[in-house]
Structures are given as C-alpha cells and as structure tokens.
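Written below as structure tokens is the structure these notes are about.
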Amino acid sequence: MKSLLIINRQAPWSGPGAREALDIALAGGAFDLPIAMLFLDDGALQLMPGQHPQKLQQKDLGANLQALPMFGVDSLYVSARSLAERGMPQTSLTLPAEVLDDTALRALIERYDQVVTI
Amino acid sequence: MSELTVAGQIIALDKDGYLCKLDDWSEAVAAALAQREALILTEEHWQVLKLLREFYAEFQLSPANRPLIKYVALKLGPEQGNSLHLNRLFNGTPAKLAAKLAGLPKPTNCL
Amino acid sequence: MPTLHVLSDSPFTDASLSSCLRLLNEDDGLLLCGDAVYALLADTPQLQALELIPDSIQLYALEEDVQARSIDAPACAQVIDYPEFVRLSLKFAKVNSWL
Chain X
17 MKSLLIINRQ
27 APWSGPGARE
37 ALDIALAGGA
47 FDLPIAMLFL
57 DDGALQLMPG
67 QHPQKLQQKD
77 LGANLQALPM
87 FGVDSLYVSA
97 RSLAERGMPQ
107 TSLTLPAEVL
117 DDTALRALIE
127 RYDQVVTI
Chain Y
5 MSELTVAGQI
15 IALDKDGYLC
25 KLDDWSEAVA
35 AALAQREALI
45 LTEEHWQVLK
55 LLREFYAEFQ
65 LSPANRPLIK
75 YVALKLGPEQ
85 GNSLHLNRLF
95 NGTPAKLAAK
105 LAGLPKPTNC
115 L
Chain W
2 MPTLHVLSDS
12 PFTDASLSSC
22 LRLLNEDDGL
32 LLCGDAVYAL
42 LADTPQLQAL
52 ELIPDSIQLY
62 ALEEDVQARS
72 IDAPACAQVI
82 DYPEFVRLSL
92 KFAKVNSWL
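Protein chains in written order, with my numbering: chain X, 17 to 134; chain Y, 5 to 115; chain W, 2 to 100.
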C-alpha cells in the first residue's frame, strides 16, 4: 500500500481548503491507508489553541482535527519555521504534531510514496 | 424528508432517515428509530449509542467504521470494540446505523 | 481624500500588507479583517511593521475575526464590530478593498 503525505498550507477559516485537506486524511484513514499530515505555512495556524469558529458561524475544524488519530492518522508534523514566523510557541499546539526543521521536512517528503499539497 | 411521531411530537427526518436536528434526540426517539429498522435495543446497543454521542461531542463528526471500532475498543474494551460484535448489533453497517439511532448526521467518510 | 484600506488576505501568504503599508497617506485608515488579522500576532515582523505606522493613521481590526482566530489584539489596533465598520466606511471619503 502506498503511503501519502498531505501538506496542509491553508489557514483555518477563510476558505474550504483546510476542511478539504482534513477530508482527504479522514477518508484515507477510514481505509487504513498510511497517511501523514504536515502543517506548513498558514496551515500551522490550524493548530492555534483557543479559537472560536462559532464567531464566524463555522463548524469546529479544531474538534474535527482531534479525530485524526481515531481515524488512524497519527503521523502529524508541523514546520518549525512556519510556527516561528507566526510567533506560535511549539509547546502550545492543539495536536501532538512533531515539530520539524527544514532539513527534517525534506527527509519527510522524500520518505513518502505520494505527496499532495493543498 | 419524512417524519417520526414520538409521544405526540413530530420529529423531522432527512431523506436517509437521520434526524434533521441533533437536539430532537431522546431515548424514546432512538427506540422509535430502531423500530423503523426492525431492531430492538438492548443494553449493548445503548452503550454504543451513548459512546457515539460522546464521540460526536468531542470531535463534532460521525465516525466511519474503523474509527468507531477503535473508539469503542478504547472505551469499552476489545470485547465490544471489534467489527464482528458491532456488525452483529447494527445489522452489518455499524457506522451508518448506529449514527442514525444516536441522532447524529450520516458519516461522510463512509464510502 | 482619506481612504480606508481594507485588507483580508493572510500577511504570511500575500504581499498586500507590505504593499499597502508603503502606500498609506497620513490621514488614511487601515482595517484588518478575515485572515489579515493574523498580522496582529505577537512576535512577528508583520506586527512590528504595523506598530511603526504614524499615529495619524488609525488601525482597526474586526472583532469576530480576531476572536475566532484566538488573537490578542495589541494596543495599536482598535477592535471594532460590524456597525462600526459601516460607520467608518461612511466616515472615510472612500474605501479601498484589497481583494
């Protein structure tokens, strides 16, 4: 079975992108595919604690993201650079994502059979 | 769209028989929904239904079969959290049928 | 003719913030909404740039977008609701929405 890395670059609330990336992961996970998700660039903002989607009449993407491990997607990564650029501390993220520097990210991408960036 | 009448109250269902409003759910509604599926709810069913509602409260979505099995195994142990047992309880389609009886939306990741 | 500039794109993926800051006149206003409120994140060069704009230029941020994204608005930004947004659009001679 081929492994898939989803690179998630979407900010959480401005468009359908963040949810679409999650849906790919959940659908693949439901079929037991080996799937990983990397939060890169504005995608890192999805991991910010204390967000209030109900202010924007949106569904709670943050709660949905917590289901990833239940769907068998427990390889979660986030770019150290993306966090630093946004002033986000590595220690208060809403998912247990492994924080990787650029060198580690290159190795990660190389390790997967297939990669999709959203 | 169809309707369900429980204790004199009219409850709206979508085209697949799922509750339109999550808040309409009660144990009486679950029993009435089960009757439509020719299913009699036992204590084992109720345990799973309650757990599903907890799953939804935590993750705001209905699980597909695999995550459902995993969650039940985590909370109730492998005796109940396996596909054979859940298939037997819910006529072979645990994610869809249990979500329906628990008053949750149809699971979207069940293809 | 003072202009209210309205930004909505993320300052990390789009150059609209830096371009806009170069083009502001002294009586203009700058309103951040949508993903543009991410410019208010602490410890970022984006916030530092906003803190350097002259006092004559008022900086606003839309309340629901700030709250939804869990951002603590810094002192340099005035947090406003939609009615205030409407009032501002009437107060300024024109509104420039950076789409």
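Think of the CB as a built atom: it goes at the ideal place given N, C-alpha and C, for glycine as much as any other residue.
Looking at the backbone, the Cα of residue 73 of chain X and that of residue 39 of chain X are separated by about 19 Å.
Along the stretch 26 to 42 of chain W, the positions whose C-beta sits under 9 Å from a C-beta of chain X are 35, 36, 39, 42, read in chain order. Below the 8 Å Cβ cutoff, chain W contributes 13, 39, 42, 45 as neighbours of residue 102 of chain X, in chain order. The C-alpha of residue 53 of chain Y is placed about 5 Å away from the C-alpha of residue 106 of chain Y. When secondary structure is reduced to three states using DSSP, residue 89 of chain Y falls in the helix class. Just measuring C-alpha positions, the residue of Y/110, Y/8, Y/88, Y/103 sitting nearest residue 58 of chain Y is Y/103. Residue-level contact check: residue 86 of chain X touches chain Y, since one or more beta carbons of chain Y fall below 7 Å from its beta carbon.
Taking a beta-carbon distance threshold of 7 Å, residue 24 of chain X does not count as an interface residue toward chain Y. Looking from the CA of residue 7 of chain W, the closest CA among W/84, W/63, W/70, W/76 belongs to W/63.
For residue 52 of chain Y, the uninterrupted alpha helix (DSSP H) segment begins and ends at 47 to 63. Annotated as distal: residue 64 of chain X and residue 90 of chain W, with beta-carbon spacing of 7 Å or more. Between residue 132 of chain X and residue 22 of chain X, the alpha-carbon positions lie close to 5 Å from each other. The three-state secondary structure of residue 131 of chain X, taken from DSSP, is strand.
Proximity of residue 22 of chain Y to chain X, defined by a Cβ-Cβ separation below 7 Å, is not satisfied. About 6 Å separates the Cβ atoms of residue 66 of chain W and residue 35 of chain W, confirming a contact at the 8 Å cut-off. Look at the stretch 67 to 89 of chain W: the residues with a C-beta under 8 Å from a C-beta of chain X are 68, 69, 70, 71.
For residue 55 of chain Y, the closest C-alpha among the options Y/17, Y/85, Y/112 is that of Y/85. Using a CB distance below 7 Å, the part of the stretch 72 to 87 of chain Y facing chain X consists of 74, 75, ordered along the chain.
If you draw a straight line from the Cα of residue 30 of chain X to the Cα of residue 92 of chain X, it comes to about 22 Å. Listed in chain order, the non-local C-beta contacts of residue 82 of chain W below 6 Å within the same chain comprise 64, local neighbours out to five positions each way being set aside. In this structure, the beta-carbon distance from residue 93 of chain Y to residue 48 of chain Y falls below 7 Å. Between residue 34 of chain X and residue 65 of chain Y the beta-carbon gap is near 14 Å, outside 8 Å, which marks them as no contact. Rounded to the nearest angstrom, the gap between the Cα atoms of residue 70 of chain X and residue 110 of chain Y is 22 Å.
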